[in-house]
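Going down the list, the sequences are from chains E and X. Heads up, the first sequence is in the UniProt record's numbering, so the first residue is 1 and it goes up one at a time. Heads up, the second sequence is in the UniProt record's numbering, so the first residue is 1 and it goes up one at a time. Yeah, the Cβ is synthetic: ideal placement off N, Cα and C, and Gly gets one too. All remarks here apply to the structure that follows.
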Amino acid sequence: MANKRVDEPTGTETVGHEWDGIEELNTPLPRWWLWTFYFTVAWGLAYTVAYPAWPMISKGTEGMLGWTSRGQLAEELSAADAARQTVAEKIAVTDLSKLSGNDELLQQARAGGAAAFKVNCVQCHGSGAGGNQQLGYPNLNDDDWLWGGNMSQIEYTITHGIRQPGADMRQSAMPAFEGMFDSATLSALVSHVRSLSKLEKPNAAGAVTYTDNCAVCHGANGEGNRELGAPRLNDAIWLRGSSAEAIRNQVLNPKMGAMPAWGERLDPVTVKMLTVYVHSLGGGEDFVEEPAAPPVAEADGQE
Amino acid sequence: MAKSSPQPAQLYEPRKQVHNKRIDGPFRRFKWFVMAVTLTIYYGTPWIRWDRGPYAPDQAVLVDLANRRFYMFGIEIWPQEFYFVAGLLIMAGIGLFLVTSAVGRAWCGYACPQTVWTDLFQHVDRFVDGDRNARMRLDAAPWTWGKVLRRGFKWTIYLIIGFWTGGAWIMYFADAPTLVYDFWRGEAAPIAYITVAVLTLTTVTLGGFMREQVCIYMCPWPRIQTAMMDEHSLLVTYKDWRGEPRGSLKKAEKNPDAFGDCIDCMQCVQVCPTGIDIREGPQIGCITCALCIDACDRVMKDIGRPRGLIDYATLEGSKREAAGGEARPAWKELLRMRTLVYLGIWGSIGFALLFALGARSHVDLGVSPDRNPPFMLLSDGSVRNSYTLKLRNMTQAPRDMTLTLEGLEGARFWTDSIPIEDAARSITIRVPADATQTVRAYVAAPVGTSQQDFDFVLSTGGERPESDTNTTRFTAPGE
């Protein structure tokens, strides 16, 4: 660095670099800047002492203030809970049948239910509650309900689950008919079941087998039985598919869905909110006693 | 820290405090007029009342951020109509082009808020400290109690003006009388106090202390303006071919032929609010307020020479005059292709906005189909789609709106508040005044319906029937 000299116009020493006639002045950092820098360093060090910071062999330093991110989260959660408490209390004391008359509460419940649904229910029923036919999870948007679709029936289903042990369980089982029918009888039966919903022409031989074996649960015309959770067979909605093969499998070796009893895991208010949400998806039924399922002929009339 | 030279060269010119002298004349009076009009509009507008009935505020101009409405006299703008504001901003931009290409920096000289408030503060200076000479003496004087009191008094007036300015600003965002009441009781929103504090500070700093420095160093507009101007733009010009060489009145009387009309009296410099010398030619500091024209004309009259040594002129005209010709009249310079094109664009946007304003509908329908699941089968085999509809009523009274399906043969719909048994092709919904109603609609089409487009039509009856149509898609199983 040979060419150090003092710059005439500014009176500042140059650092000695020169490039194309341009020289760099040796201007030191301003004092205030340095002090700010020293202060930030000191602040940073103090911070690592006060808060969890340094990684050690098995765990990090805990800090002098006793602050933890989990502790902060817990605080924020309890604050949020407290904020929701008023609404939750109101929902808790309001009867389901009265809820639909209270717009504000209904909206709160629906929003809370939507959130709870996203945490607890989407794994099976899908994020849009559209279900999954391959795996046999029911669509909750449509107008077909295995165990009933008014608010109290939905609440009961959510609380006690399906095919879960417990005093108030929703329990039913479809027998496996494996080995009971010969191949021709089976084909005729499947044919008849499909004819109930107009998928095939009527099959007299199948109808006999059906009346003998199936009608007790599924009804003479396949109208189902909500007491038993026996699906309607004379509508267009098939939980596990409407193909002959799917129906044959379901007769020989039926799959039966199960649903956890959420009453054991969720508080009653959450269950209530979930009920409101599921009911609001578009398929929810009124509290009036459901009339018997209309015969298929009626559906024909609409076509 | 090696500093050998005791007095390093200054790289920047230090600021010279501008003490502009009082002047009267046609341009000064015009400036007074513009100042009175603009300040009256700014401070007064929020207090104008406008009856909109029981469902809307009665303030004539109100930016209601909380409810997302913008009221301007008889016009109410919703967020989705923000293009009106965008259009006005574009008009303001092109208006600046138009004014600049025609008369140079007239905006800067008369209407710019910085100019108006600087002028206001300069009058305060004159009121408290006296005119130019008195102010210069006081500036140079030591800090006696008298000076401290005087300065304290002046800065208090600055603060009051600043506070008023910030105070008037927040009035545009809330009901003015209520806000004033709440403000003094300490019950207004924190943002109101913060805004007033910030605007008081900036007004006092920019208008009271920085003044012409804002125009010269901070404002980008003078730099852009050079692109807007050409040799036909009217600018404040010193006619050097007439004025030079300068000589004092005494010298010029002794030897009239050796000197021009400029007697170097410096009046043009002393009255200038930005402290420039116009005789040095067009420059960035000149805001074309034309106070120097007033000053020069007065001197010319006193010494019996023709007015207009400093005058509005075009570069082109100046050249012609210098060569001994006649400058074209100003109105001919104003009506030329460039200004006419700007005027045309400006006017077309204005007409388009007016047309849109007259033709806009006060109902609006937004439709978004639910995509999860896209469709579902009902037990009778029909297919159901769900839609979220937004029904907007932009009038000040509740309205019954009829929602109808068009297309999609055989389909019926119901909503989240109307049971499936009442499904129909046409449903009437009451929408509250000045509100958006969100409705979930379930549309079921018979077995065999294929994927297709259809319309939701929203229509209102009453004295002024209006409607809005929204085309959407019906999704069905199959290909």
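Is DSSP giving V296(E) helix, strand or coil here?
Bear in mind that a pLDDT of 45 at V296(E), under 50, signals an unreliable position, so the model cannot answer this.
Alpha carbons only, please: which of Y51(E), K90(E), D142(E), L45(E) is nearest the one belonging to G282(E)?
D142(E)
Does any CB atom of chain X fall closer than 8 Å to the CB of A74(E)?
no
Residues of chain X with CB under 7 Å from N150(E), in chain order?
What N150(E) touches in chain X: nothing, since even the nearest Cβ is about 12 Å away.
Assign N393(X) to buried or exposed, taking buried as 16 or more other Cβ atoms, counted over all protein chains shown, within 10 Å of its Cβ.
buried
Grab me the residues of A433(X)'s own chain with a C-beta within less than 6 Å of its C-beta, minus the 5 sequence neighbours each way, in chain order.
For A433(X), where only same-chain residues beyond five positions count, the Cβ hits under 6 Å are Y55, Q396, A397, P398.
Got a sec? Which residues, its chain only, sit under 7 Å from C217(E) by beta carbon, not counting five neighbours each side?
Counting only residues of its own chain and dropping the five nearest sequence neighbours on each side, C217(E) has a CB closer than 7 Å to the CB of N225, L228, A230.
According to a CB-to-CB cut-off of less than 8 Å, which residues of the UniProt domain "Cytochrome c" (201-282) of chain E neighbour chain X?
R232, D235, A236, I237, S280, G282
Per DSSP, what kind of secondary structure is D422(X) in: helix, strand or coil?
helix
How would you label N234(E), buried or exposed, when you count the other beta carbons within 10 angstroms and need 16 or more for buried?
buried
Can you tell me whether I160(X) is buried or exposed, with buried defined as 16 or more other CB within 10 angstroms of its CB?
exposed
Three or more C-beta pairs under 8 Å: does that hold for the region 68-83 of chain X against the region 407-416 of chain X?
no
Please determine, among P256(X), D175(X), W346(X), A252(X), the residue with the shortest C-alpha to C-alpha distance to L98(X).
W346(X)
Are the C-beta atoms of G478(X) and some chain E residue less than 8 Å apart?
no
Can you round the beta-carbon distance between T211(E) and T185(E) to whole angstroms, since I take them to be within the 8 Å contact cut?
About 13 Å separates the two Cβ atoms, so there is no contact after all.
If you measure between the beta carbons of V236(X) and I310(X), is that distance less than 8 Å?
yes
If you reduce the DSSP assignment to three classes, tell me which class I90(X) lands in.
helix
Would you mind sorting E89(E) into buried or exposed? The rule is 16 or more other CB atoms within 10 Å of its CB.
Under this definition E89(E) is an exposed residue.
Within the continuous alpha helix (DSSP H) that includes R298(X), where are the two ends?
291-302
Return the residues of the region 431-447 of chain X that lie within a Cβ-Cβ distance of less than 7 Å from chain E, sorted by chain order.
Y442, P446, V447
Any chance the region 192-201 of chain X sits against the region 156-173 of chain X, with 3 or more Cβ pairs inside 8 Å?
A contact between stretches requires three or more CB pairs, one per stretch, nearer than 8 Å, and the region 192-201 of chain X meets this requirement with the region 156-173 of chain X.
Write down the C-beta distance between R232(E) and G136(E) rounded to the nearest angstrom, noting that I regard them as a contact closer than 8 Å.
Taking C-beta atoms under 8 Å as the contact rule, R232(E) and G136(E) fail to qualify, at a distance of about 15 Å.
Just to check my reading of the structure: N26(E) and V41(E) have Cβ atoms closer than 8 Å, yes? What is that Cβ distance to the nearest angstrom?
Not quite, the Cβ-Cβ distance comes to about 24 Å (not below 8 Å), so this is no contact.
Check D267(E) in the structure and name its three-state DSSP category.
coil
Neighbour list for N372(X) in chain E, Cβ cutoff strictly below 8 Å:
G126, S127, G128, G130
I need the straight-line Cα distance from A246(E) to L189(E), nearest angstrom please.
13 Å
In the DSSP assignment, find the beta strand (DSSP E) that holds L25(E) and state where it starts and stops.
22-25
State yes or no: is the C-beta of R360(X) within less than 8 Å of the C-beta of A444(X)?
no
Residue ranges of each beta strand (DSSP E) within the region 107-175 of chain E, 3 or longer:
none
Suppose the cutoff is 8 Å on Cβ atoms and the five residues either side in sequence are ignored; what does the same chain contact list for V128(X) look like?
Cβ-Cβ distances below 8 Å link V128(X) to R150, F153, K154, I157 in the same chain, with the five nearest sequence neighbours on each side left out; the list follows chain order.
Based on DSSP bridge pairs, tell me the residues matched to G16(E).
None; G16(E) has no bridge partner.
Sort out for me which residues DSSP pairs M259(E) with in a bridge.
I162(E)
Taking beta-carbon pairs under 9 Å, can you tell me which members of the region 53-86 of chain X lie near chain E?
none
Report the residue from R279(X), E466(X), F70(X) whose alpha carbon sits nearest the alpha carbon of M266(X).
R279(X)
Beta-carbon proximity of V103(X) to L315(X), cut-off 8 Å:
no
Can you list, in chain order, the residues of the region 96-119 of chain E whose Cβ is nearer than 9 Å to any Cβ on chain X?
none
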